[in-house]
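Note sheet for the following structure.
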Amino acid sequence: MASALQALRMGALGALAGWPVLVGRAIFYLVALAVLSALWGKVASERLAGALPLPAGGLALYVGATEWIMLSIPSIHLRLEDDIRSGALETHLLRPKLYLVLRIAESLGDMLVRLATLGLAALGLLALSGRSAPAEGLACLAASAILGGVIGLLLYTLVGLSGFWVRRTLPAYLVIQKLMFLLGGLFAPVSLYTSAAFRRLSEASPFAAQLYWPSVQLIAPSAAVFARALALQAAWIAVLSLAAAAIWRAGVRKLLRQGI
Amino acid sequence: MSAVITVQTLTKQYRYARRRTGALGAITGAFAPDFQTIEAVAGVSFEIAAGERVAIIGPNGAGKSTTLKMLSGVLEPSSGQARVFGLVPWRERRALAYRIGVVFGQRSQLWGELPARDSFALLRRIYDQDETAFAARLGRLVEQFGLGELLDQPVSRMSLGQRMRCEITASLLHGPDLLFLDEPTIGLDITAKAAIRDFITEHARGQGQTVVLTSHDTRDIELVCDRVIVINQGRIVVDQPTDQLRRQFLARKRVTLQSAAPRITLDLPGLTVLPSQPHTSVLDVDTRLVRVEQVIAAALAGGGIEDITIEDPPMEEVVREIYLATTGA
């Protein structure tokens, strides 16, 4: 536990040490927010009027939240791929603490710094734009976004672990990205899907637990929605953690037998 | 002395699918792969006693890194047995981790963007080290290795030599009894190499630490190790003390004469004059044909000798001789 906390601290310090990248990410986020906000404001809100009980500018707030989470998740899959392909993993395996736990903790530290930085940038933009967001929605979003980020981190971890078998993680990454888009509600709430079956499938998926459920807190805040989000997120964190542990064990077994 | 490492008929075979040429070959290869097996390590056996400093050397692909990986626990053998401190490395890797330190020359275990001090702090937690004992050990290593000014510098801004000093320090922070060094001086300049060799030798002697080293730099072997295991094509072809190895495989001495005359000419059998500057004569002496004292006596008899140096030939030549002898090339 102490080593994981220290790794988390290292991840946070590493993110702060690379502050120019952090600033660049914040600028990109603000530009993306401005573009998406204009797009949703002009086009979609009229077309979707009545389909979803949304506050004024609700879709822009929703997309701002999903982008906030997406941009805050570090590319742990690239670190894992690099360590597996380069053989650096062997050095880490020669330590008494589990490499995967330390790497996830380190990425979590990085993610928390990004969430804080981008969150402050978004609040600043919100104040400048003259728009408002419900205070209780913001509080629920903050709590749920951290869990959503953890789910995203675990999904990327699974992508990274595919490197044990396919060496390049890009194919798995592209699949996960598209699923985040389709089932996670990256650019619009999954509750907009007209097919009830598809909507239910999306809402129950880990991708929605990562993006939709945290972000919907901002446009439809309620205790029931928040509780449902937390329950789904906790369940998916448990499932994905077990999956990562199982895949990790299988990957290390392969590496021990066949080498890098 | 008790054996720290015991290896018995250790073998490792790799199976891989051979790639076929052309588009059709790529398609058929995907459905009906043509598997081949290569034997990287073919039944090696040896023991290493506590406090020994042993070099495992061999040409590329000889099996030395594979052997080192099996001994450290990141690779399972195909057959055979090995025990390190009584533990089977690939089954008890984590227990063994507390007792070994590992440096892979081309792989960093430090965080690039952060100062080395932060990486060391994480390593303290990873190895469950008591804070006071850890601080004392770090202090000693920092002093011995002259790391004072480097501790708070981001690792990515260090030179390769500085980084390698920090890497070795990182591998010693938990006080391991056994150090595995895989090419620890690769890519370093002469000064950095010398600093690392001196440090490893002094530290290992002082702590009674066992060192197992692989290197292509023969000076690493000469200056750090007292025993050499030569592996070629997965088999041990030589296992003996470094001095004995040099004597057995190269019955030569190198005699350098500084003289008033531009050149010294000696009419003796078994002498080869090597290229050199004026007033310096470098003679390669085959001691099977002529004794070194005969060469010295003949040189002194001619007069005008200002200085004489007698050296063993470079280890590189020793190794080359061994490879040639053992491969029959």
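Quick note, the sequences are listed as chains Z and X, same order.
Residues 8 to 267 (my numbering) are what the first sequence spells out, left to right.
Residues 7 to 335 (my numbering) are what the second sequence spells out, left to right.
Note that CB positions come from ideal geometry on N, CA and C, so glycine has one too.
Buried versus exposed call for W26 of chain Z [16 or more other C-beta atoms within 10 Å across all chains shown]
exposed
Inspect the CB distances between the region 158-167 of chain X and the region 80-95 of chain X and report whether three or more fall short of 8 Å.
no
Which stretch, first to last residue, makes up the beta strand (DSSP E) that contains A61 of chain X?
R59 to I63
Given that a residue counts as buried once 16 or more other Cβ atoms are within 10 Å of its Cβ, and exposed if not, what is D273 of chain X?
exposed
Taking all protein chains shown into account, decide if P95 of chain X is buried (16 or more other Cβ within 10 angstroms of its Cβ) or exposed.
buried
For Q184 of chain Z, which residues does DSSP report across the bridge?
DSSP lists no partner for Q184 of chain Z.
The alpha helix (DSSP H) that contains L77 of chain X, what's its start and end?
K70 to S78
Got a sec? Which residues, its chain only, sit under 7 Å from L101 of chain Z by beta carbon, not counting five neighbours each side?
none
Using three-state DSSP, classify T220 of chain X as helix, strand or coil.
strand
Among residues of its own chain, excluding the 5 on either side of P65 of chain X, which ones have a beta-carbon nearer than 7 Å to its beta-carbon?
Around P65 of chain X: N238 and Y329.
I'd like to know whether the C-beta atoms of T17 of chain X and E45 of chain X end up nearer to each other than 8 Å.
yes
Could you please give the first and the last residue of the uninterrupted beta strand (DSSP E) stretch that includes E45 of chain X?
For E45 of chain X, the uninterrupted beta strand (DSSP E) run begins and ends at D40 to A55, by DSSP.
In the DSSP assignment, what are the bridge partners of R258 of chain X?
X:D292
Delimiting residues of the beta strand (DSSP E) encompassing Q159 of chain X
It is not in any beta strand (DSSP E) - Q159 of chain X carries neither H nor E in the DSSP assignment.
Buried or exposed, going by whether 16 or more other CB atoms sit within 10 Å of the CB of Y163 of chain Z?
buried
Cutting at 8 Å between CB atoms, please list the residues of its own chain near Q14 of chain X, excluding the five before and the five after it.
Here Q14 of chain X has S51, G86, Q87 and A88 as same chain residues with Cβ atoms under 8 Å from its own Cβ, once five neighbours each way along the sequence are excluded.
Could you round the C-beta distance between A195 of chain Z and L66 of chain Z to whole angstroms and report it? I think they count as a contact, below 8 Å.
7 Å
What residue from Z:Y106, Z:L145 and Z:S114 has the CA that sits closest to A227 of chain Z's CA?
Z:L145
Which residues bound the alpha helix (DSSP H) around K199 of chain X?
I196 to Q213
Based on Cα-Cα distance, which residue from X:T12, X:G28 and X:T43 lies nearest to R21 of chain X?
X:T43
Do the region 199-217 of chain X and the region 166-175 of chain X meet, that is, are 3 or more Cβ pairs less than 8 Å apart?
Taking 8 Å as the limit for Cβ pairs, the verdict is that the region 166-175 of chain X does touch the region 199-217 of chain X.
For the alpha helix (DSSP H) that contains T201 of chain Z, what are its first and last residues?
Element bounds for T201 of chain Z: n/a, residue is neither H nor E.
Tell me where the beta strand (DSSP E) around E312 of chain X begins and ends.
I311 to E317
Run through chain Z and tell me which residues come within less than 8 Å of R99 of chain X, C-beta to C-beta.
L100 and L101
Taking all protein chains shown into account, do 16 or more other C-beta atoms lie within 10 angstroms of the C-beta of A230 of chain Z, making it buried, or fewer, making it exposed?
A230 of chain Z comes out exposed.
Helix or strand or just coil, what does DSSP make of I235 of chain X?
The three-state reading of DSSP puts I235 of chain X in strand, counting E and B together.
Partner residues on chain X for R264 of chain Z, Cβ-Cβ distance less than 7 Å:
E82
Three-state secondary structure (DSSP) of A23 of chain X
In the structure shown, A23 of chain X falls within a strand segment according to DSSP collapsed to helix, strand and coil.
E97 of chain Z: contacting residues in chain X (beta-carbon distance under 9 Å)
K75, S78, V80, L81, V108, F110 and R113
Contiguous alpha helix (DSSP H) assignments of at least 4 residues, all confined to the region 223-261 of chain Z
none
Please identify, using Cβ separations under 7 Å, the residues of the region 114-132 of chain X that lie next to chain Z, in order along the chain.
Those would be Q115, W117, E119, L120, D124, A127, L128, R131 and I132, in chain order.
Using alpha carbons as the reference points, say which of X:A101, X:V288 and X:A9 lies closest to D134 of chain X.
X:A101
What residues from the region 11-25 of chain Z come within 7 Å of chain X, judged by C-beta to C-beta, listed N to C?
Q13, A14, M17, L20, G21, A24 and G25
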